[in-house]
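Working notes, structure below.
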Amino acid sequence: MPEFNAAKIARTSTGTRVDLVLVSQMVARGAKVLDVGCGDGELLHLLGESRDVDGRGIELSREGVNECVAKGLAVIQGDADTDLGDYPNDAFDYVILSQTLQATRQPRVVLEHMLRIGRHAIVSFPNFGHWTVRSQLLFAGHMPQTDILPYSWYDTPNIHHCTIKDFVQLCNAIDVKIEKAVALNAWGSPLRLSAPWWFWNLFGEQGVFLLSRKK
Amino acid sequence: MVDIQTQHTQAARGEAVRDADRPRDSLIATFGPDKPLKLDAGVLLSPFQIAYTTYGALNADKSNAVMVCHALTGDQYVAQVHPVTGKNGWWETLIGPGKPLDPARYFIICTNVLGGCMGSSGPASTNPATGQPWGLEFPVVTVRDMVRAQAMLVDHLGIETLFAVVGGSMGGMQVLQWAASYPERVFAAMPIACATRHSAQNIAFHEVGRQAIMADPEWHGGRYHLEGGNPRRGLGVARMGAHITYLSDAALHRKFGRRFQDRENPTFSFDADFEVESYLRHQGSTFVERFDANSYLYLTRAMDYFDLAADAGGTLANAFKGTQTRFCVISFTSDWLFPTSESRATVHALNAASARVSFAEIVTDKGHDAFLLDEPEMFGIVRGFLEGARKARGLDGRK
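This is the structure:
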């Protein structure tokens, strides 16, 4: 079961998901990249084509893995929660977790592993602080469902939702440096950089963060 | 009564010896005294020969060579009619025009492994020192020895780097050994349905097979080529036992269930009442027509000794340290001989070595043998992996 409905994420004129374009723009050319939860390999393909990266992937679903490998991508079947421990320190320039953080059992441990394995981490996630999410709980009185996160509370794979504010707090708690942060609105446009965090947390549908270790 | 012929004519035995020295429809490379093979057992084998087949043509810069490695009871007839059985090549599902390994695009090499009985030096071959079959005088060989011999053949063919090394089961062990022994000579590696070491359970199964052969009075302490006779019953039983491990409970049930063979009711005897019994007896009796019992002992032993981690000082990842080879590891859900957990351990070690690795598990109820069968998902993965590797290697003229 995919964690989210990728069809509902805004796309560029060339048909590429805007969040993936944003992630790819954060990656240096020719870098070595691990994509954790790489799905059908769309981001790895994009990174290979546009940034000439040496990309690897981990994906939980067998269908996703086999689709990726058949496309020639270096992807293995594995679980972000259990398998990141197998990778040595500093094995990658970037470790990417795209729209998967909320489905991990231990988001903090996963994030710590990402910054151990990679010199940088890039995390994108749906912002549970978005006003449409908040209003469903506040006014309709039920657990929020959105186009991107269409699941009912009892069958969702997404067990650790967070807001942009929550994520920033986690970064502070584990002493991670936020190199860059972007919030995308529902149409896939980045919000003004000068906007305060509360504004992002209310109007950003997705957060995309570039992180690095504090020395 | 086991339904295996006990009579073995002199003519047929003469034919077996001929295949062991001069196999039909096969090429042979002979390595003379100037090129001895240094074996793990600590002895030099010289002279020796490797029988092989090739398909397709080597390109101008010799970058399109693919080594295909056979499993325990396979041979070099990977994509052509077998001269003894008359059956199609054992991997024609994968190799052929329009198939993932197309001879129009690749120069495909398949050797009979060292220790085998279809033309490469082994216990059934003639010992040049005595003019008699080697029998148990032949030195015990390992998977690493097999790969050393293959590397010497690749040298002989003037090829520096193999584009890919591909194989399943014992063939997969050879693939892993190639990647560990000659990392700079292997651009892409596909170990399928295999492991980096033979498990205790697998060694145990092999020992049962060997004991069946050695318990056959016609084995004559391994000297049956000299003393007459052939341990066909023993080898047949070994094959029957091993064949069960290549299938799965679900596959046996689907194919045979509890159905009776050509009868409505049990005979209340020890005839082959059940279809599954009849099938196994057939597997045993056809196998002994084409395989040498001593060779079976040697090759099962080679698999038993296989342990890449032990060769690398106990840490498997060190076997692949610094490797630039691209790996594609494939396992099958119902394979209990080389279960997915073994492939996963291989993948973990490759990750720890920062290797470029893909890993796919194919859903099938066909057991270990699935790698030889029509598995479209596997073919899609092999094709995709090879296409990606071609691009990276610049085989199609662009990078």
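Protein sequences appear in the order of chains A and B. Reminder that position 166 of the first sequence reads as 166 in the working numbering, one-by-one numbering, no gaps. Start counting at 1 in the second sequence, then tack on 1000, and there's your number in the working numbering. Just so it is clear, CB atoms sit at the ideal spot from N, CA and C, and this is done for glycine as well.
Query: Whole-angstrom C-beta distance between L149 of chain A and N158 of chain A, which should lie under 8 Å; Result: 6 Å
Query: Contact list for I1381 of chain B against chain A, beta-carbon separation under 7 Å; Result: N66, V69 and A70
Query: Runs of beta strand (DSSP E) wholly within the stretch 53 to 84 of chain A (minimum 3 residues, chain order); Result: 54 to 59 and 74 to 77
Query: Cross-strand partners of P1133 of chain B (DSSP beta bridge); Result: B:T1126
Query: Buried/exposed call for L210 of chain A, threshold 16 Cβ in 10 Å; Result: buried
Query: Rounded separation between E1387 of chain B and A1071 of chain B - CA only; Result: 25 Å
Query: Chain C contact for V75 of chain A (CB, 8 Å cutoff); Result: Absent from the structure is chain C; the protein chains it does hold are A and B.
Query: Contacts that A1370 of chain B makes with chain A (C-beta to C-beta distance below 9 Å); Result: The contacting residues do not exist; A1370 of chain B stays about 14 Å from chain A at best.
Query: Minimum C-alpha distance to V176 of chain A - residue among A:H120, A:Y151 and A:L191; Result: A:H120
Query: Identified DSSP bridge partners for Y1052 of chain B; Result: B:L1027 and B:T1111
Query: DSSP state of S1341 of chain B mapped onto helix, strand, coil; Result: helix
Query: Extent of the continuous beta strand (DSSP E) to which S235 of chain A belongs; Result: Limits of chain A in this structure are 1 at one end and 215 at the other, which puts residue 235 of chain A out of reach.
Query: Through-space distance from M1067 of chain B to R116 of chain A, alpha-carbon basis; Result: 38 Å
Query: Minimum Cβ-Cβ distance from P91 of chain A to chain B less than 8 Å; Result: The question names Pro, but residue 91 of chain A is Ala in the sequence shown. Closer than 8 Å: yes.
Query: Chain B contacts made by the stretch 27 to 50 of chain A, where a contact means CB separation under 8 Å; Result: none
Query: Extent of the continuous alpha helix (DSSP H) to which L211 of chain A belongs; Result: No alpha helix (DSSP H) holds L211 of chain A; the beta strand (DSSP E) holding it covers Q206 to R213.
Query: Chain A residues whose Cβ lies nearer than 9 Å to that of K1366 of chain B; Result: Chain A residues near K1366 of chain B: none, gap ~17 Å exceeds 9 Å.
Query: 8 Å Cβ cutoff met for A1151 of chain B and I1213 of chain B; Result: no
Query: Length at least 4, wholly inside the stretch 1163 to 1234 of chain B: the alpha helix (DSSP H) runs in chain order; Result: 1170 to 1181, 1200 to 1215 and 1224 to 1227
Query: Chain A within 8 Å of F1359 of chain B, Cβ atoms only; Result: yes
Query: Contacts of F1385 of chain B in chain A (Cβ-Cβ under 7 Å); Result: V69 and G72
Query: Closer than 9 Å at the beta carbon, the chain A residues around E1377 of chain B; Result: N66 and A70
Query: Residue range of the beta strand (DSSP E) that includes I1362 of chain B; Result: R1356 to I1362
Query: Under the three-state DSSP convention, the category I159 of chain A falls into; Result: coil
Query: CB contact flag (G1086 of chain B, S1026 of chain B, <8 Å); Result: no
Query: Proximity to A1149 of chain B [Cα-Cα], best of B:A1164, B:N1202 and B:N1112; Result: B:N1112
Query: DSSP three-state assignment for M1067 of chain B, whether helix, strand or coil; Result: strand
Query: Nearest residue (CA-CA) to G37 of chain A, options A:S212, A:N127, A:C68 and A:W131; Result: A:C68
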